[in-house]
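Colleague: Residue numbers (UniProt numbering), protein chains in the order written: chain A, 1 to 203; chain B, 1 to 203.
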DNA sequence: CCTGTTTCATATCGAACGCTATGAAACAGC
DNA sequence: GCTGTTTCATAGCGTTCGATATGAAACAGG
């Protein structure tokens with residue numbers, strides 16, 4: 001995972017807060033309350049940083065959110081690597097669903113999924129942010145589709161398998177689990193849903 | 001479906017707009033842009049009604065949304081009736097998923113699901129509205145669970161069937177399809193996901 | 001030390017937010 | 001036609017929004 005180059009500091013007064021820690025706090029705030037419905041005032045409280053410092057360190061609210069998302073929502077390259085090294089597409093997707101079930105019900109983070117809920121809807125001003133999040137989801141979908149196609153080509157899955165359908169099913173279950181988690185479903189319920197959805201796979 | 005009694009008019013200047021039509025326009029605006037991220041200004045434009053008229057006719061933004069949701073998102077009693085008259089739990093859920101797939105990709109309404117996306121996240125000020133929408137989802141879940149339990153009791157489904165798991169799977173797929181639809185998935189893709197998820201059912 | 005650079009805390013900015021006060025206009029009943 | 005009631009359009013209420021101007025404070029280099 002490659003981070004963008006730390007803004008080159010020439011000289012001057014040193015930063016009085018931990019930039020990475022503040023970014024993580026911002027991410028958690030966006031995760032819990034959504035992009036547009038988290039105000040700058042909410043962010044200053046969560047990050048422990050005043051508004052002008054946020055703007056000099058991260059640009060504006062939009063760039064702060066995008067940086068937080070790209071930093072903590074998981075690099076698609078990491079997912080691609082995990083999928084590539086998995087023993088099968090089935091195992092890879094089952095693992096992804098199980099990880100999601102655990103993540104969405106963990107105590108260290110808000111319930112549900114940042115990518116599924118933070119920009120589920122929004123005003124026209126935030127259309128570009130929604131598009132960026134949707135792009136992230138599409139990247140994940142493409143990775144799943146390719147991994148399934150690989151197993152079909154290798155004869156590990158029946159030739160009549162439709163990779164996009166299985167991928168969309170996995171995505172739908174993932175994002176649906178996010179809503180269930182927000183409604184209070186516990187970890188076992190989500191894990192059961194994840195396992196049940198895998199029985200829809202061939203063989 | 002029983003509507004709340006129309007506010008009794010004694011006398012006075014008649015309403016200059018169609019209250020039901022305005023309510024539907026408001027619902028569509030909330031559906032597309034979400035509850036908190038649809039402003040009163042957006043609503044006056046969509047409904048063709050000035051702000052004071054909205055407030056005298058519907059109370060405030062919160063009550064306008066709740067009335068729109070309860071009026072158009074489907075009365076749980078209607079769903080319960082459809083489920084009761086269905087030939088089987090499986091058929092009832094398959095029908096629900098197919099209806100959702102068609103609804104989320106229809107041209108007459110925004111993409112996705114009002115109940116899944118309008119209050120996916122939000123500020124603390126709107127916590128009560130989110131709870132009301134979550135309550136609606138829980139009511140739907142209870143109906144599905146009960147219908148599956150009925151089939152298990154009647155021996156139409158294997159005794160080891162876990163009704164809550166199948167119900168949660170159906171809910172997750174439904175709400176996941178909402179995200180897929182918003183990301184641009186077409187009707188056939190959603191119908192395929194709905195059908196694929198049904199192969200997870202026993203027998 | 002002094003200069004240059006960057007961040008700091010304070011105090012806002014204009015715009016948009018949800019909402020409402022006000023008085024004229026449009027009806028029903030008498 | 002007058003009275004009572006309700007809705008109308010206009011204008012603006014106080015608050016919060018995202019974002020900044022300002023000048024003092026904290027460093028590195030010379």
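Think of the CB as a built atom: it goes at the ideal place given N, C-alpha and C, for glycine as much as any other residue.
Taking residue 159 of chain A as the query, report the chain B residues whose CB atoms sit under 7 Å from its CB, ordered along the chain.
Modeller: Going along chain B, no residue has its Cβ under 7 Å from residue 159 of chain A, so there is no contact; the nearest lies around 17 Å.
Colleague: Quick check on residue 109 of chain B - is its C-beta less than 8 Å from some C-beta in chain A?
Modeller: no
Colleague: Apply the 10 Å Cβ neighbour rule to residue 63 of chain B and answer buried if 16 or more other Cβ atoms are within range, or exposed otherwise.
Modeller: exposed
Colleague: Quick one: residues in its chain with C-beta nearer than 6 Å to the C-beta of residue 90 of chain A, no 5 flanking neighbours on either side, listed in chain order?
Modeller: 201
Colleague: Is the separation between the beta-carbon of residue 112 of chain B and that of residue 178 of chain B shorter than 8 Å?
Modeller: yes
Colleague: Taking Cβ to Cβ, would you say residue 93 of chain A is nearer than 8 Å to residue 144 of chain A?
Modeller: The criterion of a C-beta distance shorter than 8 Å is satisfied by residue 93 of chain A and residue 144 of chain A.
Colleague: Suppose contacts are defined by Cβ-Cβ distances below 8 Å. Is residue 129 of chain A in contact with residue 65 of chain A by that definition?
Modeller: yes
Colleague: Who are the neighbours of residue 37 of chain A on chain B, taking C-beta pairs under 8 Å?
Modeller: Neighbours of residue 37 of chain A on chain B, chain order: 36, 37, 121, 122, 123, 126.
Colleague: If I'm right that residue 31 of chain A touches residue 100 of chain A with Cβ under 8 Å, what's the distance once you round it to whole angstroms?
Modeller: About 14 Å; that fails the 8 Å criterion.
Colleague: Closer than 7 Å by beta-carbon distance: list the chain A residues that pair up with residue 177 of chain B, in chain order.
Modeller: Taking a Cβ-Cβ cut-off of 7 Å, the neighbours of residue 177 of chain B in chain A comprise 172, given in sequence order.
Colleague: Taking residue 116 of chain A as the reference, give the member of B/120, B/28, B/133 with the closest Cα.
Modeller: B/120
Colleague: How long is the line joining the alpha carbons of residue 47 of chain B and residue 160 of chain B, rounded to whole angstroms?
Modeller: Here the alpha carbon of residue 47 of chain B sits roughly 51 Å from the alpha carbon of residue 160 of chain B.
Colleague: Within a Cβ cutoff of 7 Å, which residues of the same chain sit near residue 43 of chain B, ignoring the five residues on either side of it in sequence?
Modeller: 26, 29, 54
Colleague: When you compare the CB positions of residue 190 of chain B and residue 193 of chain A, do they come within less than 8 Å of one another, or not?
Modeller: At a Cβ-Cβ threshold of 8 Å, residue 190 of chain B and residue 193 of chain A do not count as neighbours.
Colleague: Interface residues of chain A around residue 147 of chain B at Cβ under 9 Å?
Modeller: Listed along chain A, no residue sits closer than 9 Å to residue 147 of chain B by beta-carbon distance, the nearest being about 17 Å off.
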